[in-house]
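>
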Amino acid sequence: MSEAIKSPAALQELLNNNRRWADSMVARDPEFFKRLAQQASPEYLWIGCSDSRVPANELLGLAPGDVFVHRNIANVVVHSDLNCLSVLQFAIDVLKVKHVMIVGHYGCKGVHAALTGGRVGLADNWLRHVQDVAQKHERYLGDVLETNKRSERLCELNVVEQVVNVCQTTIVQDAWDRGQELSVHGWVYGLKDGHLHDLEMTVSGPTDLSARVRNRLAHYEPIA
-6 MSEAIKSPAA LQELLNNNRR WADSMVARDP EFFKRLAQQA SPEYLWIGCS DSRVPANELL
54 GLAPGDVFVH RNIANVVVHS DLNCLSVLQF AIDVLKVKHV MIVGHYGCKG VHAALTGGRV
114 GLADNWLRHV QDVAQKHERY LGDVLETNKR SERLCELNVV EQVVNVCQTT IVQDAWDRGQ
174 ELSVHGWVYG LKDGHLHDLE MTVSGPTDLS ARVRNRLAHY EPIA
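Here you go:
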């Protein structure tokens, strides 16, 4: 390769890392890439934040091919977002995943910006959706005085609302109508301990949603 077109040193190191990773995978399982190339049949769809500290496969202890992933700023599901809806439709209708996990994380910069009114640029328009969540659930945020704690609370409330949004898509509704096995879950990841926390928002059919939301919001009722 000509010196003029070689990758910069930092990027070349990434390519070298890739070769070492691929070699290590083959050493552990010689047939791994052959199987991976033939078919991907994950049971899980992860809808999470784009934050580089929250890598889906690693957090779940799963290999490539085991989880289908969609990520955006603050793990938001908007009914007009064709990118997200296309992923959701492909995962449910084609891959036949059985579980959709909406995964937020504590310390989310997008959620914090939405809460505090911080400006980040073009993404401010996207984070308007999280501000809407904050306004909708102001009663559950107003009694939390410390900003970081309030931000953590909003991270959880945002996951609750995104579970609702996923469940209300025609994609999920149609899957349930035809009897397809499908559950939607709401989790939050802790950057400080590496643990995934279940918000007990599992919805496995259209009649489950209201009760799950009601039970979750009861956790946040201000103490009289």
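Just so you know, the sequence shown maps onto residues -6 to 217 in our numbering. Here a beta-carbon is modelled for each residue, glycine too, at the ideal position from N, C-alpha and C.
1) Which residue's Cα is closest to the Cα of residue 46: 17, 126, 80, 99?
2) Taking the alpha-carbon positions, what's the residue 67 to residue 176 distance?
3) Taking 6 Å as the limit between beta carbons, can you name the residues of its chain near residue 189, skipping five residues before and five after?
4) Rounded to the nearest angstrom, what separates residue 6 and residue 192 at their Cα positions?
5) Does the region 194 to 203 touch the region 109 to 120, meaning 3 or more C-beta pairs lie closer than 8 Å?
6) In three-state DSSP terms, what is residue 101?
7) Residue 175 by DSSP, collapsed to three states: which one?
8) For residue 112, which of helix, strand or coil comes out of DSSP?
9) Just to confirm, are residue 43 and residue 65 a CB contact at a threshold of 9 Å?
10) Out of 30, 50, 2, 101, point me to the one whose CA is closest to residue 185's CA.
11) Say whether the region 149 to 157 touches the region 118 to 133, bearing in mind that this needs 3 or more beta-carbon pairs closer than 8 Å, one atom from each stretch.
12) Find the nearest neighbour of residue 215 within the set 110, 137, 125, 206, judged by alpha-carbon distance.
13) Can you tell me where the alpha helix (DSSP H) with residue 158 in it begins and where it stops?
14) With C-beta atoms as the reference, is residue 97 less than 9 Å away from residue 54?
15) Using a threshold of 9 Å, state whether the C-beta atoms of residue 63 and residue 38 are closer than that.
16) Where does residue 155 land, buried or exposed, given buried means 16+ other C-beta within 10 angstroms?
Walking through what the data contain:
1) In the sequence shown, counting from the first residue as 1, residue 46 sits at position 53. For the residues 17, 126, 80, 99, the minimum Cα distance to residue 46 belongs to 99.
2) Against the sequence shown, residue 67 aligns to sequence position 74. Against the sequence shown, residue 176 aligns to sequence position 183. The C-alpha of residue 176 is placed about 21 Å away from the C-alpha of residue 67.
3) Within the sequence shown, numbered from 1, the residue matching residue 189 stands at position 196. Excluding sequence neighbours, residue 189 sits near 180, 182.
4) Within the sequence shown, numbered from 1, the residue matching residue 6 stands at position 13. Within the sequence shown, numbered from 1, the residue matching residue 192 stands at position 199. If you take the alpha carbons of residue 6 and residue 192, they lie about 39 Å apart.
5) As far as the Cβ criterion goes, the region 109 to 120 does not touch the region 194 to 203, which means the pair count is below three.
6) Start at 1 with the first residue of the sequence shown, and residue 101 comes out as number 108. If DSSP states are grouped into helix, strand and coil, residue 101 belongs with coil.
7) In the sequence shown, counting from the first residue as 1, residue 175 sits at position 182. The answer is coil: DSSP assigns residue 175 none of H, G, I, E or B.
8) Working through the sequence shown from its first residue, we reach residue 112 at position 119. Note: residue 112 maps to coil in three-state DSSP.
9) Residue mapping note: residue 43 aligns to position 50 of the sequence shown, counting from 1. Residue mapping note: residue 65 aligns to position 72 of the sequence shown, counting from 1. Going by C-beta atoms, residue 43 is nearer than 9 Å to residue 65.
10) Position 192 of the sequence shown holds residue 185. The shortest CA-to-CA distance from residue 185 to any of 30, 50, 2, 101 is the one to 101.
11) In this structure the region 149 to 157 touches the region 118 to 133; the number of beta carbon pairs closer than 8 Å is three or more.
12) Counting from 1 along the sequence shown, the entry for residue 215 is found at position 222. The option with the nearest alpha carbon to residue 215 is 137.
13) Counting from 1 along the sequence shown, the entry for residue 158 is found at position 165. For residue 158, the uninterrupted alpha helix (DSSP H) segment begins and ends at 140 to 160.
14) Counting from 1 along the sequence shown, the entry for residue 97 is found at position 104. Counting from 1 along the sequence shown, the entry for residue 54 is found at position 61. Cβ distance not < 9 Å, so residue 97 and residue 54 don't count as in contact.
15) Your numbering for residue 63 matches position 70 in the sequence shown. Your numbering for residue 38 matches position 45 in the sequence shown. Their beta carbons are under 9 Å apart, which means residue 63 touches residue 38 by this criterion.
16) The residue you call residue 155 lines up with position 162 of the sequence shown. Under this definition residue 155 is a buried residue.
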